Amino acid sequence: LTVNVLFYVDEVLAPVSLEVMTLQGLMEFSQSMTDIQRYRDGLALRYVVPTFMDRRVRKSEEILAQLHTYFPGQTCEPIRYNVRLSEAPGYRQHIFEYAPRSAGAEDYGRLVERIMQDDAQGNA
(Lines of atoms letter the chains of each structure in order from A and count residues from 1; the text may use other names and numbers.)
(Lines give C-alpha, C1' and ligand atoms only; values in the text may rest on other atoms or scores of the structure.)
Protein backbone atom coordinates (compact mmCIF):
# COMPACT_ATOMS: atom_id res chain seq x y z
CA LEU A 1 0.00 0.00 0.00
CA THR A 2 2.75 2.48 0.93
CA VAL A 3 4.55 1.94 -2.35
CA ASN A 4 1.36 2.51 -4.33
CA VAL A 5 0.64 5.77 -2.50
CA LEU A 6 4.10 7.08 -3.37
CA PHE A 7 3.19 7.03 -7.05
CA TYR A 8 0.36 9.52 -6.41
CA VAL A 9 1.95 12.11 -4.13
CA ASP A 10 4.56 14.78 -4.69
CA GLU A 11 5.83 15.18 -1.14
CA VAL A 12 6.12 13.03 1.95
CA LEU A 13 6.16 14.07 5.60
CA ALA A 14 7.61 11.21 7.65
CA PRO A 15 7.00 11.21 11.40
CA VAL A 16 9.79 9.30 13.13
CA SER A 17 9.78 8.30 16.78
CA LEU A 18 13.26 8.66 18.20
CA GLU A 19 13.91 4.94 18.52
CA VAL A 20 16.65 2.86 16.89
CA MET A 21 14.29 0.54 15.02
CA THR A 22 12.30 3.46 13.66
CA LEU A 23 15.47 5.05 12.30
CA GLN A 24 16.28 1.81 10.50
CA GLY A 25 12.74 1.75 9.10
CA LEU A 26 13.11 5.31 7.83
CA MET A 27 16.34 4.37 6.06
CA GLU A 28 14.56 1.48 4.33
CA PHE A 29 11.63 3.75 3.44
CA SER A 30 14.05 6.32 2.03
CA GLN A 31 15.61 3.62 -0.16
CA SER A 32 12.16 2.64 -1.41
CA MET A 33 11.51 6.27 -2.29
CA THR A 34 14.79 6.42 -4.19
CA ASP A 35 13.75 3.35 -6.18
CA ILE A 36 10.36 4.88 -6.99
CA GLN A 37 11.93 8.20 -8.02
CA ARG A 38 13.26 6.42 -11.10
CA TYR A 39 9.65 6.27 -12.30
CA ARG A 40 8.26 9.27 -10.44
CA ASP A 41 10.85 12.04 -10.48
CA GLY A 42 8.62 14.62 -8.74
CA LEU A 43 8.54 12.62 -5.50
CA ALA A 44 10.39 14.14 -2.53
CA LEU A 45 10.87 13.35 1.13
CA ARG A 46 10.09 16.89 2.22
CA TYR A 47 9.97 16.66 6.00
CA VAL A 48 11.28 14.27 8.62
CA VAL A 49 9.47 14.97 11.89
CA PRO A 50 11.17 13.54 14.98
CA THR A 51 8.58 12.61 17.63
CA PHE A 52 8.63 11.42 21.24
CA MET A 53 11.66 13.60 21.99
CA ASP A 54 12.76 13.18 25.59
CA ARG A 55 15.84 15.23 26.38
CA ARG A 56 16.43 13.10 29.49
CA VAL A 57 17.15 10.10 27.25
CA ARG A 58 20.59 10.22 25.66
CA LYS A 59 19.54 7.91 22.82
CA SER A 60 16.92 10.44 21.70
CA GLU A 61 19.62 13.07 21.25
CA GLU A 62 21.86 10.61 19.38
CA ILE A 63 19.12 9.56 16.98
CA LEU A 64 18.12 13.18 16.40
CA ALA A 65 21.74 13.97 15.49
CA GLN A 66 21.73 11.05 13.04
CA LEU A 67 18.54 12.35 11.43
CA HIS A 68 20.18 15.75 10.93
CA THR A 69 23.18 14.00 9.37
CA TYR A 70 21.20 11.75 7.00
CA PHE A 71 18.42 14.22 6.21
CA PRO A 72 19.88 17.74 6.43
CA GLY A 73 17.34 20.46 5.72
CA GLN A 74 14.49 17.96 5.89
CA THR A 75 14.64 17.23 9.61
CA CYS A 76 12.25 19.45 11.54
CA GLU A 77 12.43 20.53 15.15
CA PRO A 78 11.44 17.56 17.32
CA ILE A 79 8.02 17.05 18.85
CA ARG A 80 8.65 16.61 22.56
CA TYR A 81 7.11 13.72 24.46
CA ASN A 82 3.97 15.04 26.12
CA VAL A 83 1.25 13.00 27.80
CA ARG A 84 -1.37 15.46 26.50
CA LEU A 85 -0.66 14.24 22.97
CA SER A 86 -1.69 10.73 24.04
CA GLU A 87 -4.76 11.91 25.94
CA ALA A 88 -6.30 14.20 23.29
CA PRO A 89 -7.59 11.47 20.90
CA GLY A 90 -9.39 9.80 23.81
CA TYR A 91 -11.51 12.94 24.07
CA ARG A 92 -11.93 13.15 20.28
CA GLN A 93 -9.97 16.36 20.17
CA HIS A 94 -6.78 17.45 18.53
CA ILE A 95 -4.01 18.86 20.67
CA PHE A 96 -4.93 22.47 19.90
CA GLU A 97 -8.40 21.90 21.38
CA TYR A 98 -7.43 19.63 24.25
CA ALA A 99 -4.33 21.35 25.57
CA PRO A 100 -3.55 24.45 23.51
CA ARG A 101 -0.80 25.63 25.87
CA SER A 102 0.97 22.27 26.12
CA ALA A 103 4.44 21.53 24.82
CA GLY A 104 2.88 19.26 22.19
CA ALA A 105 0.64 22.03 20.87
CA GLU A 106 3.60 24.41 20.83
CA ASP A 107 5.76 21.94 18.89
CA TYR A 108 3.08 21.06 16.35
CA GLY A 109 2.26 24.75 15.96
CA ARG A 110 5.90 25.38 15.11
CA LEU A 111 5.79 22.57 12.54
CA VAL A 112 2.68 24.04 10.91
CA GLU A 113 4.35 27.46 10.76
CA ARG A 114 7.42 25.98 9.08
CA ILE A 115 5.37 24.17 6.45
CA MET A 116 3.26 27.25 5.74
CA GLN A 117 6.35 29.44 5.51
CA ASP A 118 8.05 26.99 3.13
CA ASP A 119 4.90 26.86 1.02
CA ALA A 120 4.62 30.67 0.90
CA GLN A 121 8.26 30.94 -0.17
CA GLY A 122 7.81 28.30 -2.84
CA ASN A 123 10.08 25.85 -1.03
CA ALA A 124 7.47 23.12 -0.84
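In our numbering, the protein residues as written are 610 to 733.
Each residue gets a CB set at the ideal place from its N, CA and C atoms; glycine is no exception.
Nothing here was measured: the structure is a model prediction, and the numbers come from that model.
Review point. Buried or exposed: which applies to M566, given that a residue is buried once 16 or more other Cβ atoms fall within 10 Å of its Cβ?
Key: Nothing in the structure corresponds to residue 566, since the chain is present only between 610 and 733.
**Study point:** the segment 682–689 contacting the segment 653–665, beta-carbon criterion three pairs below 8 Å
**Key:** yes
**Study point:** Per-residue DSSP class, three states only, for L627
**Key:** Correct three-state label for L627: coil.
Review point. If you draw a straight line from the C-alpha of A729 to the C-alpha of V721, how long is it?
Key: 12 Å
Exercise for review: Give the C-beta separation of L694 and L627 to the nearest angstrom, bearing in mind that I take them to be a contact with Cβ-Cβ under 8 Å.
Suggested key: No, L694 and L627 are not in contact; Cβ-Cβ is about 14 Å, not under 8 Å.
Review point. So L654 is in the beta strand (DSSP E); what residue range does that whole segment cover?
Key: 653–660
Exercise for review: Could you pull out every residue in the same chain whose Cβ sits closer than 6 Å to the Cβ of A712, ignoring the five residues on either side in sequence?
Suggested key: Cβ neighbours of A712 beyond the five flanking positions: R689, N691.
Check your understanding: Under a Cβ-count criterion, where at least 16 other Cβ atoms within 10 Å of its own Cβ denotes burial, should V625 be classed as buried or exposed?
Key -> buried
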